[in-house]
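See structure below.
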Amino acid sequence: MDYHILREFADSWAMLALFAMFIGIVFWAFRPGSRKTHEDTANIPFRHDDKPACQGGGCQDGRCHDDGATL
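Residue numbers (the numbering used here): 2 to 72.
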């Protein structure tokens, strides 16, 4: 294959295929059924605002049992 043939292919069909893939990904991201998934993912940092997670990982019986040890 010659450079010019590959260049022609890249300028026409490959660019068209990449553009179609881009449009498909955009439509997939903004599809109607994805709102709940996106909202859930966006709220991950705020899940423990009301009741923070235990710092030491020692949660038992709904209470934190932090021994004060540090790494």
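Idealized CB from N, CA, C, for every residue including glycine.
What residue does the alpha helix (DSSP H) around residue i start on, and which one ends it?
i     : result
His49 : Careful: His49 lies outside any alpha helix (DSSP H) and carries neither H nor E.
Asp41 : 36 to 43
Phe10 : 4 to 10
Helix, strand or coil: how does DSSP classify residue i here?
i     : result
Met16 : helix
Using a threshold of 7 Å, is the CB atom of residue i nearer than that to any non-hydrogen atom of the ligand GTP?
i     : result
Ser13 : Ligands in the displayed structure: none, and consequently the ligand GTP is not present.
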